[in-house]
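In our numbering, the protein residues as written are 7 to 198. The beta-carbon is built from N, C-alpha and C at its ideal position, and this holds for glycine as well. For clarity, every value in this text was computed on a predicted model and none was experimentally measured.
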Ligand SMILES: [Fe+2]
């Protein structure tokens, strides 16, 4: 549990970065306030999927950095055995084989290391040249990028927030992401 507390502390700093939209920082602040109170119903999604094997190559460029990005990458690695893995299988416009070429890692949230229902904190991992389907969900969501990657909100243009940058998706608004030549790794948090 010390590893989880440490991860939450370093991830909290990333979601307060000036590179995030103000509304995203504010929402994330509420998520991390809730996370101060541990909660866990013990449910675990421990099955692994092919894309889990991309985690090391996605983390590698950050592992030697003495920044909060480096702290977060190292912290994710310590949590790997306890991450709750799941895949999205619905939504439109996903690239061919996107199901096999992505995985979502739940850390705090249903089926995660701290299985709870009031917030979600985890990450998405996409193989190179993969487009995640258009999707929407009632909870508001903020992302922080740990790699290169492009995002699209509603029918807008694709944009790359940059490593350490991020975005915020309002409740129920359509969004998607896609990777280029390297794996995409993005942390997300949702206020449920
Ligand atoms: Fe989303």
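- Between residue 168 and residue 22, the alpha-carbon positions lie close to 15 angstroms from each other.
- In the displayed model, residue 99 falls within coil according to three-state DSSP, outside both helix and strand.
- A distance criterion of 8 angstroms places the beta-carbon of residue 120 beyond contact range of ligand 1, judged by its closest non-hydrogen atom.
- According to the DSSP secondary-structure assignment, residue 149 is paired through a beta bridge with 173 and 194.
- Per DSSP, the continuous beta strand (DSSP E) segment holding residue 156 begins and ends at 156-159.
- 192 is the residue among 55, 192 and 66 whose C-alpha sits nearest the C-alpha of residue 147.
- Per DSSP, residue 110 is one residue of the beta strand (DSSP E) stretching across 108-114.
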